[in-house]
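Read in order, the letters of the sequence shown are residues 83 to 532 in our numbering. We treat Cβ as the ideally placed atom computed from N, Cα and C, and that holds for glycine. Okay, so here's the structure we're looking at.
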Amino acid sequence: LSGSIKGALARMSKAMVVDEKVLNDCVNEISRALLQADVRFETVRGVQASIKSTVNLQALADGTNKRRVIHRAVVAELRRMLDPGKPSFTPSKGRKPASVVMFVGLQGSGKTTTCVKYADYHRRTKGFSPALVCADTFRAGALDQLKQSAAKAGIPFYGSHTESDPVKVAVEGVDRFRNQEGCDLIVVDTSGRHRQEAALLEEMRQVVGATRPDLVVLVMDASIGQAAFEQAQAFRQSAPVGAVIVTKMDGHAKGGGALSAVAATKSPVIFVGTGEHIPDLEAFDAKSFVSRLLGLGDLSGFMDKIHDVIPGPADDNTSPYQILEELIKRGNFTLRDLRKLFRAVQSMGPLGQLVSMIPGGLISDKFNDKEGQAKMKRYMTMMDSMTDAELDGSSSPKLMNQSRINRVARGSGRPVREVVDMLEEHKRMAKMMTKLPNVKRPNDINHIAN
Ligand code: GDP
Ligand code: MG
Numbered sequence: 083l084s085g086s087i088k089g090a091l092a093r094m095s096k097a098m099v100v101d102e103k104v105l106n107d108c109v110n111e112i113s114r115a116l117l118q119a120d121v122r123f124e125t126v127r128g129v130q131a132s133i134k135s136t137v138n139l140q141a142l143a144d145g146t147n148k149r150r151v152i153h154r155a156v157v158a159e160l161r162r163m164l165d166p167g168k169p170s171f172t173p174s175k176g177r178k179p180a181s182v183v184m185f186v187g188l189q190g191s192g193k194t195t196t197c198v199k200y201a202d203y204h205r206r207t208k209g210f211s212p213a214l215v216c217a218d219t220f221r222a223g224a225l226d227q228l229k230q231s232a233a234k235a236g237i238p239f240y241g242s243h244t245e246s247d248p249v250k251v252a253v254e255g256v257d258r259f260r261n262q263e264g265c266d267l268i269v270v271d272t273s274g275r276h277r278q279e280a281a282l283l284e285e286m287r288q289v290v291g292a293t294r295p296d297l298v299v300l301v302m303d304a305s306i307g308q309a310a311f312e313q314a315q316a317f318r319q320s321a322p323v324g325a326v327i328v329t330k331m332d333g334h335a336k337g338g339g340a341l342s343a344v345a346a347t348k349s350p351v352i353f354v355g356t357g358e359h360i361p362d363l364e365a366f367d368a369k370s371f372v373s374r375l376l377g378l379g380d381l382s383g384f385m386d387k388i389h390d391v392i393p394g395p396a397d398d399n400t401s402p403y404q405i406l407e408e409l410i411k412r413g414n415f416t417l418r419d420l421r422k423l424f425r426a427v428q429s430m431g432p433l434g435q436l437v438s439m440i441p442g443g444l445i446s447d448k449f450n451d452k453e454g455q456a457k458m459k460r461y462m463t464m465m466d467s468m469t470d471a472e473l474d475g476s477s478s479p480k481l482m483n484q485s486r487i488n489r490v491a492r493g494s495g496r497p498v499r500e501v502v503d504m505l506e507e508h509k510r511m512a513k514m515m516t517k518l519p520n521v522k523r524p525n526d527i528n529h530i531a532n
């Protein structure tokens with residue numbers, strides 16, 4: 083089959099006119115996607131200029147797919163922009179005295195949640211012994227929120243109900259844990275305001291001055307949009323921000339503001355928040371982030387791109403292209419659909435290009451290597467042990483209770499945990515499916531397909 087893909091690609095690129103128009107159309111399409119993803123206007127203009135100067139269409143060998151070359155150049159440029167050129171401070175396990183990492187950001191950005199996630203992540207995956215300090219004396223309830231969350235995660239905690247000076251509380255908390263036996267990482271939560279107003283920035287300056295953190299992390303909500311640059315800059319001017327964490331990447335927002343935050347603070351994004359729960363923190367991966375930025379653009383553009391990479395509709399209705407088209411038309415996503423999509427995707431051979439183009443990481447890079455392919459196969463085995471009702475259940479199958487999960491595990495000879503993983507993965511994909519912005523109706527898609 084890969085031979086026929088090659089054939090289709092060759093035909094396609096022959097048909098492609100080698101001129102400025104291809105480049106312009108493609109760059110415009112990508113720029114639209116970036117603007118929709120909240121990438122700053124100035125940044126998009128920079129990408130445009132850079133692509134136009136680096137991609138030399140005339141110089142490309144005959145038979146190269148121009149769009150792919152352009153796409154690749156854009157990806158490279160965006161990845162370059164996400165890399166500030168110097169790594170951030172990383173705490174080292176067992177260090178004495180303990181490293182101090184302070185979290186700053188606007189109110190509601192997710193600081194408190196992320197402090198606990200960050201502490202838990204270091205303990206769970208790297209064996210650190212972290213502690214949490216609440217230096218938010220501004221917002222009522224802040225102390226209890228962190229205290230409860232810390233208790234839930236089983237992480238030592240310091241805060242004060244009586245002291246209203248954040249500098250004092252921060253210093254006391256840091257002092258308490260800094261030389262405490264076994265503690266090697268102190269995470270300090272600070273207060274936020276609704277805007278980056280002077281009082282907040284001054285308070286932050288004082289807390290930083292008094293506690294001398296090894297790392298200041300700026301926490302930003304992915305939905306911040308075009309305001310990201312200015313906001314990050316304001317924080318950077320008052321505190322030595324050394325890393326960025328973008329939260330709420332599980333929602334609608336496409337997180338283009340992260341590019342601005344990197345530019346404004348000259349520091350890297352280290353993690354992204356992907357949910358409200360403590361384990362919902364993922365190490366930042368520039369590659370999948372960029373795919374997301376580009377992939378969440380307008381869907382007809384996406385279909386167009388897919389068309390570049392894989393052959394058009396097959397006669398037997400089984401190309402991933404047609405399956406996706408059908409799903410988009412219908413607007414929901416069952417386990418049966420997932421199985422169908424996996425089958426189609428598996429029959430295609432190497433997926434590199436395709437995977438990165440599927441909107442919102444619908445099929446993530448997770449399925450793109452050898453291990454991923456094996457996982458896909460195991461998922462399909464588990465789905466084979468499901469009943470019709472289970473396969474056709476709604477996108478968030480409440481139907482799948484523990485006894486059904488156990489039955490599927492037994493039937494397929496896979497661990498229960500893996501069945502749960504598969505259901506989670508399906509849920510994530512179904513969620514993506516319903517959140518694809520600017521979904522073109524089938525009519526608009528058809529003229530591209532034909
Ligand atoms: P703070 O004011 O900066 O301390 O923000 P909080 O940590 O209190 O978070 C504000 C709200 O955002 C809470 O409802 C959190 O549960 C939610 N939140 C934080 N991070 C994430 C995330 O990554 N995804 C989602 N969906 N919600 C988040
Ligand atoms: Mg808070």
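Integer Cβ distance of residue i from residue j, believed to fall under 8 angstroms
i    : j    : result
V326 : T293 : Contact flag wrong, Cβ pair sits at about 20 angstroms.
R496 : T463 : 7 angstroms
T125 : A345 : 7 angstroms
A368 : G333 : The pair is not a contact, with the Cβ atoms about 20 angstroms apart (cut-off 8 angstroms).
L341 : L214 : The pair is not a contact, with the Cβ atoms about 30 angstroms apart (cut-off 8 angstroms).
F185 : V301 : 6 angstroms
T535 : V323 : No statement about residue 535 is possible, as the shown extent of the chain runs from 83 to 532 and does not include it.
D266 : F171 : Not really, about 14 angstroms apart at Cβ, beyond 8 angstroms.
I306 : Q315 : Not quite, the Cβ-Cβ distance comes to about 13 angstroms (not below 8 angstroms), so this is no contact.
Residue nearest to residue i in terms of C-alpha spacing, selected from the options
i    : options                   : result
D218 : A233, Y240, G307 and P212 : Y240
Q455 : T469, L481 and R425       : R425
R221 : L300, Q189 and S373       : Q189
E245 : N261, I237 and L225       : L225
F210 : V290, A340, A235 and P173 : P173
R177 : P322, Q262, K457 and G324 : Q262
G264 : A281, L481, L116 and P238 : P238
A321 : R127, K250 and V290       : V290
F317 : D247, T416 and G274       : G274
V104 : N138, C216, V129 and G223 : N138
V270 : A155, T196 and R205       : T196
A280 : L376, Q319, E254 and F259 : Q319
A365 : H204, H153 and M504       : H204
S132 : H243, Q288, A155 and G167 : A155
Q484 : D474, D470 and L505       : L505
L282 : K208, A314 and G187       : G187
T207 : R260, N488, K175 and D107 : K175
P248 : F415, C216 and L228       : C216
E358 : M331, S373, H153 and H508 : M331
I152 : L228, V183 and D107       : D107
K422 : D474, K229 and E453       : D474
Proximity of residue i and residue j at Cβ, strictly below 9 angstroms
i    : j    : result
E472 : R486 : yes
Q308 : D466 : no
A343 : F311 : yes
S135 : I268 : no
L420 : M482 : no
V351 : V328 : yes
I112 : A235 : no
D202 : L417 : no
V109 : Q130 : yes
V198 : A252 : no
R122 : G338 : yes
S349 : K168 : yes
T272 : E254 : no
L117 : L376 : no
V490 : M468 : yes
S494 : V502 : no
P541 : R260 : Any answer about residue 541 is impossible in this case: the structure gives the chain only from 83 up to 532.
H276 : F415 : no
Proximity test, residue i beta-carbon vs the ligand HEM heavy atom, cut-off 8 angstroms
i    : result
A321 : Looking for the ligand HEM in the displayed structure turns up nothing; the ligands present are the ligand GDP and the ligand MG.
query: Which parts of the stretch 204-242 are runs of the alpha helix (DSSP H), unbroken and 4 residues or longer, counting only runs that do not cross its ends?
result: You should have 224-235.
task: Please specify which runs of the beta strand (DSSP E), each continuous and at least 3 residues long, are wholly inside the stretch 110-191, giving them in chain order.
output: Complete beta strand (DSSP E) runs here, min 3: 181-186.
field: Length-filtered (4 minimum) alpha helix (DSSP H) runs lying within the stretch 237-281
entry: Counting only runs of 4 or more, we get 248-260.
- prompt: In chain order, which continuous runs of the beta strand (DSSP E) of length 3 or greater are located wholly inside the stretch 311-351?
  reply: Counting only runs that start and end inside the stretch 311-351, the beta strand (DSSP E) elements of at least 3 residues fall at 323-329.
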